[in-house]
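Residue numbers (the numbering used here), protein chains in the order written: chain A, 120 to 462; chain B, 9 to 135.
All residues carry an ideal CB built from backbone N, CA and C; glycine is no exception.
Heads up, the thing below is written out as structure tokens.
What follows is the structure in structure tokens.
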């Protein structure tokens with residue numbers, strides 16, 4: 120076979136036509152002119168076809184290259200998005216751990232007081248007992264000494280008992296909050312009691328600065344939901360107030376109000392009387408990594424986590440209201456009393 | 009004669025000519041830089057095979073998802089060769105495969121079939 124030629128058949132036809140032209144050289148002029156014109160037109164048409172095929176091939180190759188590049192960039196963008204999502208998840212996780220760390224710090228601080236009182240009472244009782252033993256061994260106990268010792272023993276043991284009970288109670292409630300935070304277990308709980316436990320565990324952060332906390336929740340609201348998530352939400356609100364709402368040295372107020380606007384749902388309004396949030400930032404407050412405190416340690420994830428927890432496991436909604444400079448900030452959460460189990 | 013088997017590349021189709029069974033198949037995409045490297049061997053083999061095909065049955069399958077203008081011209085030439093062989097007595101069947109949502113590829117098949125006089129031509133939706 121001769122060299123490959125897409126227009127092999129056309130060229131052979133042209134060659135045959137040339138041969139024919141030679142064969143009919145003796146024909147009348149109009150026949151020869153007509154044949155010349157036909158051969159000329161056919162040759163031009165084949166050349167035009169070649170050009171078109173070439174141009175079209177080039178365009179199609181360019182199109183293919185562009186498509187290929189497009190696919191590559193799309194894959195790159197998707198990969199970048201995956202990496203970003205992974206990074207975001209790990210940051211969210213880190214933020215959760217950090218807030219758990221703050222909780223543990225708070226617990227340690229809170230328990231320090233009753234344990235300290237119990238310790239000094241026990242030490243005082245031990246001293247008094249040692250003195251009594253000396254008097255007893257010298258056979259020199261007077262009625263006054265004995266009465267004084269009895270009073271000391273009664274006072275100190277009462278204080279030791281009361282403070283140990285206080286510590287045990289604190290540990291019980293912290294344990295509940297901490298376990299809920301780490302295990303994300305769905306269970307039945309009393310909303311009012313749980314909010315109070317959570318706020319108690321955050322107490323040290325608030326009391327150090329002298330901020331006042333008021334909780335207004337009707338008794339007997341039973342929820343079947345994720346208390347750990349709720350605790351995390353409240354904790355993040357408090358951290359938000361401490362970091363953003365109150366300037367150092369000012370004494371603020373935080374209020375939590377609960378009501379039931381409709382059957383089966385509960386509304387929790389968290390508010391503070393701090394600096395509020397500007398109109399332009401309000402729409403972005405739940406966005407991941409949005410922070411006005413990037414330089415001073417804000418991760419921009421606290422309220423994003425709130426948003427994820429409320430709209431995720433808690434199956435509710437969260438909105439920010441008000442927020443002008445004077446009125447502070449108001450977060451309104453609406454939750455179902457009973458969530459659907461995840462599994 | 010020897011069968012012709014060429015693996016597909018990014019820009020050229022898989023060629024699977026089983027001359028013994030009389031089944032010839034082109035599958036994939038076709039927009040090669042140089043049509044002669046891809047279609048040169050195909051045409052040479054096809055020409056050799058059809059030269060003494062006699063009255064035997066030949067099945068040809070085109071399963072292409074994309075081709076450029078040179079390839080279209082090459083396909084047209086192949087159809088011409090097959091139609092000539094069918095005119096000379098071979099029982100040639102051409103199956104043109106296309107994805108049901110690919111109207112362009114279906115129309116190409118219909119266009120090609122218009123020039124065929126002796127070949128039995130089938131449009132086959134796949135997938």
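Check: Are there 16 or more other CB atoms within 10 angstroms of the CB of residue 427 of chain A, so buried, or fewer, so exposed?; Outcome: buried
Check: Counting contacts by CB-CB distance shorter than 8 Å, is residue 116 of chain B in contact with chain A?; Outcome: no
Check: Would you list, in chain order, the members of the region 81-101 of chain B that have their beta-carbon closer than 8 Å to a beta-carbon of chain C?; Outcome: No chain C appears in the structure shown, which is made up of the protein chains A and B.
Check: Of the choices B/120, B/47 and B/19, whose alpha-carbon is the least far from that of residue 39 of chain B?; Outcome: B/19
Check: Going along chain A, which residues have a C-beta under 8 Å from residue 76 of chain B?; Outcome: 175, 176, 179 and 180
Check: Quick one: is residue 186 of chain A buried, meaning 16 or more other Cβ sit within 10 Å of its Cβ, or exposed?; Outcome: exposed
Check: Report back the beta-carbon spacing between residue 354 of chain A and residue 325 of chain A to the nearest angstrom; my notes put them in contact at under 8 Å.; Outcome: Not quite, the Cβ-Cβ distance comes to about 11 Å (not below 8 Å), so this is no contact.
Check: Between which two residues does the alpha helix (DSSP H) containing residue 315 of chain A stretch?; Outcome: 310-320
Check: Have a look at A/400, A/434 and A/450 and flag the residue whose alpha-carbon is nearest the alpha-carbon of residue 460 of chain A.; Outcome: A/434
Check: By Cβ distance, which residues of its chain are closer than 7 Å to residue 90 of chain B, with the 5 residues on each side in sequence left out?; Outcome: 68, 100, 102 and 127
Check: In chain order, what are the residue ranges of uninterrupted alpha helix (DSSP H) at least 4 long that sit wholly in the region 318-362 of chain A?; Outcome: 322-328 and 346-359
Check: Determine the DSSP secondary structure at residue 14 of chain B, reduced to helix, strand or coil.; Outcome: strand
Check: Let me see if you follow: with CB-CB separation under 8 Å, is residue 47 of chain B close to chain A or not?; Outcome: yes
Check: Strictly under 8 Å for the Cβ-Cβ distance: is residue 185 of chain A near chain B by that measure?; Outcome: no
Check: Roughly how far, in whole angstroms, is the beta-carbon of residue 323 of chain A from the beta-carbon of residue 282 of chain A, given that I think they are within contact range, below 8 Å?; Outcome: Not a contact, Cβ separation roughly 17 Å.
Check: Please name the residues in the region 122-150 of chain A whose beta-carbon is closer than 7 Å to at least one beta-carbon of chain B, in chain order.; Outcome: 123, 125 and 128
Check: Which residues in chain A sit within 9 Å of residue 61 of chain B, going by Cβ to Cβ distance?; Outcome: The contacting residues do not exist; residue 61 of chain B stays about 16 Å from chain A at best.
Check: Would you say residue 25 of chain B and residue 53 of chain B are within 8 Å of each other, going by their C-beta atoms?; Outcome: yes
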